[in-house]
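Participant: First residue of the sequence shown: 3, per the working numbering; consecutive thereafter. No residue lacks a Cβ here, since even glycine has one placed at the ideal position from N, Cα and C.
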Amino acid sequence: MGIEQKIRELRDQMGQRIGQIDSKDNLAAFWQEYLGKKGSIAELMKGLGAVPKEERPSVGKIINEFKVQAEEQYRALSERMAQLELQARNRKEAVDITLPGKVRPMGGLHPLTQVKNEIIHVFAGMGFEVFEGPEIEDDDHNFTRLNVPKDHPSRDMQDTFYLPGEWLLRTQTSGGQIRVMDRQKPPIKVLVPGRVFRSDSDATHSPMFHQMEGLVVDRGITLCDLQGMLDRFVQQLFDESVRTRLRPSYFPFTEPSVEVDVSCFECGGKGCGLCKHTGWIEVLGGGVVHPRVLENCGIDSSVYSGIAFGIGIERITMLKYGINNIGLLFENDLRFLKQFQ
Ligand code: DAH
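Encoded structure:
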């Protein structure tokens, strides 16, 4: 078979081969087959020696043209393969932008923490500092030095969880008063927030709850200072229009002692379900610090006087938001908590 005939056949064959190339691998095989060291074109070149001298230039030219053609095909196919590869990769790595995103819900502060912060904010504006005492307290700080001696009947006002020895779970943050007065001399203006514990449980009582103690000690402090500060407090927390009323009460560590009511912020004092038709709502206890408590901390009660108060944070929170069961504040049900964000 003449070399020209051979080239014609190869060219036809190559036309068919091109249609079958669909990957880089069989493109590499294509190159080997036609353009490689042992490929058909190299074979043709070798055969050129057997061609009569005078025909060599024209046959050589035909071989060359075929080579150029094969190279062009190879280049075009390379580009095509690169394109196909990119398309396949794009398809594989495609992101479905219509899919809904992953929602990361925002957290928020617990309503009790919010109210605690709010109370601190109000009193910080009047110059109060914050002090925190221990939850496991000794009998001395929780009772005795607050003028509640052992076996005194007023101990029964609070159902205490006793621990071995002198220890107990603090029933009130009032012990913070003693701790502050032990390390600081007047003028004193502190808030003592914290968790307290009592063996008590119903719709409005929980064995663990939170209090905020307030203490002011200086020269010439009277019950009027207490009412003035508490008026500001209820006005900022509930409504500018409310005011407080003091009723006589009893606490061992204050004399006189008062129960503090706020005029009803729901009905404005006319009487409604919230204030049980009295126009007033009880919010906290307080009084003038008993001179014996000051003396127990080495403060001269003939020079200094003080006022103190104890706020129940759950109680204030329940009133402020109309919550009727204290348990809701501790169950951590998100449907409940989300309402405070
Ligand atoms: N510690 C009291 C209680 O838990 C609340 C209280 C009343 C605190 C009068 C005070 C106060 O500082 O003066 O019931």
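Enumerate, from N- to C-terminal direction, the unbroken alpha helix (DSSP H) stretches of 4 or more residues contained entirely within the stretch 200-279.
Facilitator: Correct list: 225-239.
Participant: Is L148 closer than 7 Å to F255 when the C-beta atoms are compared?
Facilitator: Contact flag set, yes.
Participant: Are the stretch 133-152 and the stretch 104-117 touching by the rule of at least three beta carbon pairs closer than 8 Å?
Facilitator: Contact fails: fewer than three Cβ-Cβ distances are below 8 Å.
Participant: Among T319, D141, C274, V290, which one has its Cα closest to the Cα of M214?
Facilitator: Among T319, D141, C274, V290, the Cα nearest to that of M214 belongs to T319.
Participant: Could you tell me the distance, in whole angstroms, from the CA atom of E242 to the CA atom of K322?
Facilitator: Distance between the alpha carbons of E242 and K322: 14 Å.
Participant: Give the single residue among I223, V264, G275, V244 whose Cα lies nearest to the Cα of P293.
Facilitator: Nearest C-alpha to P293: I223.
Participant: If we call anything under 7 Å between Cβ atoms a contact, is I64 one with I9?
Facilitator: Yes.
Participant: Between which two residues does the alpha helix (DSSP H) harbouring D14 extend?
Facilitator: Run containing D14: 5-22, per the alpha helix (DSSP H) assignment.
Participant: Cα separation between I20 and L88?
Facilitator: Taking the straight line joining both Cα atoms gives about 20 Å.
Participant: Would you report the Cα separation of C277 and P155, rounded to the nearest angstrom?
Facilitator: The alpha-carbon atoms of C277 and P155 are separated by roughly 31 Å.
Participant: Tell me the DSSP secondary structure of R106 in three-state form.
Facilitator: R106 falls in the coil class under three-state DSSP.
Participant: Contact between the stretch 182-195 and the stretch 258-267 is defined here as three or more beta-carbon pairs at a separation below 8 Å; is this criterion met?
Facilitator: No: the two stretches stay apart, fewer than three of their Cβ pairs being nearer than 8 Å.
Participant: Comparing C-alpha positions only, which one of G273, L239, I190, H212 sits nearest to C299?
Facilitator: The residue with the shortest Cα to Cα distance from C299 is I190.
Participant: Run the CB neighbour count on H123, radius 10 Å, all protein chains shown included, and call it buried at 16 or more, exposed below.
Facilitator: Exposed is the call here.
Participant: Below 6 Å CB to CB, which residues in the same chain sit around E131 once its five sequence neighbours on both sides are set aside?
Facilitator: So the list reads V192, once near-sequence residues are dropped.
Participant: Suppose you measure from the CA of G196 to the CA of G103; what does that come to, to the nearest Å?
Facilitator: Answer to the nearest angstrom: the Cα atoms are 41 Å apart.
Participant: Is the stretch 27-47 in contact with the stretch 63-83, if contact means three or more CB pairs nearer than 8 Å?
Facilitator: Yes: the two stretches touch, three or more of their Cβ pairs being nearer than 8 Å.
Participant: Which residue comes first and which comes last in the alpha helix (DSSP H) that contains V295?
Facilitator: Here the alpha helix (DSSP H) through V295 covers 293-298.
Participant: Considering only heavy atoms of ligand 1, does any lie closer than 6 Å to the CB of G288?
Facilitator: Yes, the beta carbon of G288 sits closer than 6 Å to at least one heavy atom of ligand 1.
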